[in-house]
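Each residue of the sequence shown is one higher than the one before, counting from 1 in the UniProt record's numbering. For every residue, glycine included, the Cβ atom is placed at its ideal position computed from N, Cα and C.
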Amino acid sequence: MALPASAQAQSTATHVKTSGHGLTADEFSAQSREVVRRTPRRVRIYRGSTYPGPNSKRVCNAYYEQEYRPSGTVIVPRMNCYWSG
């Protein structure tokens, strides 16, 4: 038994692809609601809300340190910095 032309049009309208990426409209809108979180910054340039001042200089001490890893002991660079005013 054949469906009327209007019923066939409605059933194919629900499977319309958007933007050629193989996603239906429902899948696309669900992905657009995902929130992307950034990782926090690793280096704090200013401590708290204290500004070091216009004539301050950043002093950095670099050195090598041994790290004990499962593959063996390795020497890695390290650096500590602070503001001198």
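Exercise for the section: Kindly indicate the opening and closing residues of the beta strand (DSSP E) around G72. Expected result: 72-84
Exercise for the section: Please determine if the segment 53-64 and the segment 72-80 are in contact, where contact requires at least 3 C-beta pairs separated by less than 8 Å. Expected result: yes
Handout entry: Rounded separation between P52 and V43 - CA only
Key = 16 Å
Problem - Straight-line gap, R69 to P54 (C-alpha atoms, nearest Å) - result: 42 Å
Handout entry: Helix, strand or coil at V35 [DSSP, three-state]
Key = coil
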